[in-house]
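Anchor point for the sequence shown: position 48 equals 48 in full-length UniProt numbering, and the numbering is continuous, going up by one each time.
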Amino acid sequence: MALTALKVKNAKPGRHVDGRGLCLFVKPSGARTWVLRMQRNGRRRDYGLGSALDVSLAEARDAAAALRRQVREGVDPVAERRKSRKVVPSFETAARDCYEALKEGWKNRRHANWISSLENHAFPLIGTKPVDQVDSTAVVEVLSPIWLEIPDTARRILQRIGAVLDFAHIKGWLPDEVSLRSVRKGLPRQLDKGGHLEAMPYADVPALMQKLAAAVPTSGRDALRFTIYNAVRSNETRFAVWTEFDLDKAIWTIPGERMKAGETHIVPLSAPVVALLRRRWNERDSDTGLVFSNDGKKPISDMTMTKLLRDDGIRGVTVHGFRSAFTDWSSERTRFPKEVADKALAHKLPNKVEAAYRRTDFFDKRRSLMARWAEYLDRTDTQNGKGKDAATTASEPIPLRAAA
1 MALTALKVKN
11 AKPGRHVDGR
21 GLCLFVKPSG
31 ARTWVLRMQR
41 NGRRRDYGLG
51 SALDVSLAEA
61 RDAAAALRRQ
71 VREGVDPVAE
81 RRKSRKVVPS
91 FETAARDCYE
101 ALKEGWKNRR
111 HANWISSLEN
121 HAFPLIGTKP
131 VDQVDSTAVV
141 EVLSPIWLEI
151 PDTARRILQR
161 IGAVLDFAHI
171 KGWLPDEVSL
181 RSVRKGLPRQ
191 LDKGGHLEAM
201 PYADVPALMQ
211 KLAAAVPTSG
221 RDALRFTIYN
231 AVRSNETRFA
241 VWTEFDLDKA
251 IWTIPGERMK
261 AGETHIVPLS
271 APVVALLRRR
281 WNERDSDTGL
291 VFSNDGKKPI
301 SDMTMTKLLR
311 DDGIRGVTVH
321 GFRSAFTDWS
331 SERTRFPKEV
341 ADKALAHKLP
351 NKVEAAYRRT
361 DFFDKRRSLM
371 ARWAEYLDRT
381 DTQNGKGKDA
391 ATTASEPIPL
401 RAAA
């Protein structure tokens, strides 16, 4: 016979059947629990429906009917219940878990720094959002401000967000794989993909350096000046640590894992660079931390130096382009061999036979070259050919003894 509210209240310890698999279990302690017993895929399963103190007979019957309907429709109520109980992490948490899980397998360890691009561009916008709520619209929101400004970085961030979402799917935080193929359709076309990065004419670089030197020093301004003085890549500056420098000998040793070519690169430091570093050394937070950082731990954004250019009204020019400006200056205003400038830029020789026989790194000549570059950058506007003496100054090559 079907149960009644009174029978439920007065039921003795044991199992009391209401019908169609709905039962009331009463323990010797007096605790009363609703259970629905059903067959699913040939197996008997018991589904708890809660305490009789909280769930009335009518509510238990409604819950039992809903569960039967789910089973008829092919839904596993237990799996659905587990899913509802599962805590879905934020996108930032999922990204950091993904990073920790994958980084050891990367052959080129400099890619281990990819988390910083998400810290700078993705986390501020979608970091707190549950990872299962990160869709194409959210990704477009992240990429829109940087898609045309720093296209290479934007494309890498798109790939990394995709990797995080794939990782979240494997971990069970996302029920289905998320495709980000539609993201590009919501963004403008990136022009000149794979072309040369636009450079500032070398004759204009000293004026920029004067502005940077005259402004209040910041990590970003110091990093940009340092990058231009040394004609290095921005990441080589951003991730430089104090242990790589010997200021007494005025050299900077960049380990191979941080170089594009994978080989250790020794940079001779000019006098203005040493002075800049000694000032930052006196303001450091750590003897081993990052040189260009506000706390010695977190690197500046790859957009920080570019933003300084944009704030000064300089459009299109990239930080990487200052390497081209250095090359043009060296070719047109000095008599240093091209091989010396190439070695200063840490370019790898395309000819493997030539590379095998050329053992020198032209260190002494590179030291002279970088000293002349620093002198050129620190000249006044008049000295650089922008004043009344332009006709005589701008065309004068640096004497041959500079290459000695």
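Note that CB positions come from ideal geometry on N, CA and C, so glycine has one too.
Bear in mind the structure is a predicted one, so any value in this text is a computation, not a measurement.
Self-check item: Neighbourhood of S90 by C-beta distance below 7 Å, restricted to the same chain and skipping five residues each side
Solution: G127, T128, K129, P130 and V131
Exercise. Determine, using beta carbons only, whether S136 and S182 come nearer to each other than 7 Å.
Key: yes
Quiz item: Between G220 and L148, which are expected to be in contact by the criterion C-beta below 8 Å, what is the C-beta distance as a whole number of angstroms?
Solution: Not really, about 21 Å apart at Cβ, beyond 8 Å.
Exercise. Provide the residue(s) that pair with D46 in DSSP beta bridges, ordered along the chain.
Key: R37
Exercise. Return the CA-CA distance between F245 and L180, expressed in angstroms with no decimal places.
Key: Between F245 and L180, the C-alpha separation is close to 42 Å.
Quiz item: CB V273 to CB Y202, shorter than 7 Å?
Solution: no
Quiz item: Are the C-beta of F226 and some C-beta of chain D separated by less than 7 Å?
Solution: Given the protein chain composition of this structure (a single chain), no chain D is represented.
Exercise. Name the residue from G14, A154, D248 and A168 whose alpha carbon lies nearest to the alpha carbon of A275.
Key: D248
Quiz item: If you compare alpha carbons, which of F326, S51, Y99 and I150 is closest to G30?
Solution: By alpha-carbon distance to G30, the top candidate from F326, S51, Y99 and I150 is S51.
Quiz item: Do you know offhand how far G172's Cα is from M259's?
Solution: 37 Å
Practice problem: Using beta-carbon positions only, say whether G14 and R37 come within less than 7 Å of one another. | Solution: no
Quiz item: What are the boundary residues of the alpha helix (DSSP H) that includes T93?
Solution: F91 to L102
Quiz prompt | Secondary structure of D166, DSSP reduced to three states | solution = helix
Quiz prompt | Rounded straight-line distance, which links the Cα of V88 to that of D342 | solution = 50 Å
Quiz item: Which value, in whole angstroms, describes the spacing of the CA atoms of M1 and V55?
Solution: 20 Å
Self-check item: Contacts around I266, its chain only, beta-carbon distance under 8 Å, and the 5 residues preceding and following it disregarded
Solution: I251, W252, T253, I254, D361 and F363
Practice problem: Quick one: give me the first and last residue of the alpha helix (DSSP H) that residue 410 is part of. | Solution: Not covered by the structure: residue 410. The range shown for the chain is 1 to 404.
Quiz item: Leaving out five residues before and five after residue 430 in sequence, what residues of the same chain have Cβ atoms less than 8 Å from its Cβ?
Solution: Nothing about residue 430 can be read from this structure; the chain reaches only from 1 to 404.
Exercise. Can you say whether T306 is buried or exposed, counting buried as having 16 or more other CB atoms within 10 angstroms of its CB?
Key: buried
Quiz item: When you compare each of P151, R366 and S331 to V340 by their alpha carbons, which one comes out closest?
Solution: R366
Quiz prompt | Identity of the residue in R44, A95 and R233 nearest A163 by Cα | solution = A95
Practice problem: Provide the residue span of the beta strand (DSSP E) that contains T253, from first to last. | Solution: I251 to I254
Quiz prompt | Simplified DSSP state of I266, which is helix, strand or coil | solution = strand
Quiz item: Name the DSSP beta bridge partners of R15, please?
Solution: Answer is F25, bridged to R15.
Self-check item: Enclosing alpha helix (DSSP H) for F362 [first to last residue]
Solution: Careful: F362 lies outside any alpha helix (DSSP H) and carries neither H nor E.
Quiz item: Can you give the Cα-Cα distance for R40 and P28, rounded to whole angstroms?
Solution: 30 Å
Exercise. Indicate the three-state DSSP secondary structure (helix, strand or coil) for L290 in the structure shown.
Key: strand
Quiz item: In whole angstroms, what is the alpha-carbon distance linking V35 and D166?
Solution: Rounded to the nearest angstrom, the two C-alpha atoms are 38 Å apart.
Practice problem: Would you please state the rounded distance, in angstroms, between the beta carbons of R284 and W242? I believe it to be under 8 Å. | Solution: 7 Å
Quiz prompt | Test item: CB-CB of V319 and A240 under 7 Å | solution = no
Practice problem: Measure how close the beta-carbons of L49 and A64 come, nearest whole angstrom, since I'm counting them as under 8 Å. | Solution: So it is a contact: roughly 7 Å between Cβ atoms.
Quiz item: Per DSSP, which one or two residues make a beta bridge with R241?
Solution: This sequence places Val at residue 241; Arg is not what is there. Paired residues: L290.
Quiz item: Taking the Cβ atom as the reference point for each residue, do L345 and A231 lie within a distance shorter than 7 Å?
Solution: yes
Self-check item: Straight-line gap, P299 to C98 (C-alpha atoms, nearest Å)
Solution: 20 Å
Practice problem: Would you check if the distance between the CB atom of A374 and the CB atom of A199 is smaller than 7 Å? | Solution: Cβ distance not < 7 Å, so A374 and A199 don't count as in contact.
Quiz item: What span of residues does the alpha helix (DSSP H) with W114 cover, start to end?
Solution: Residues W114 to H121.
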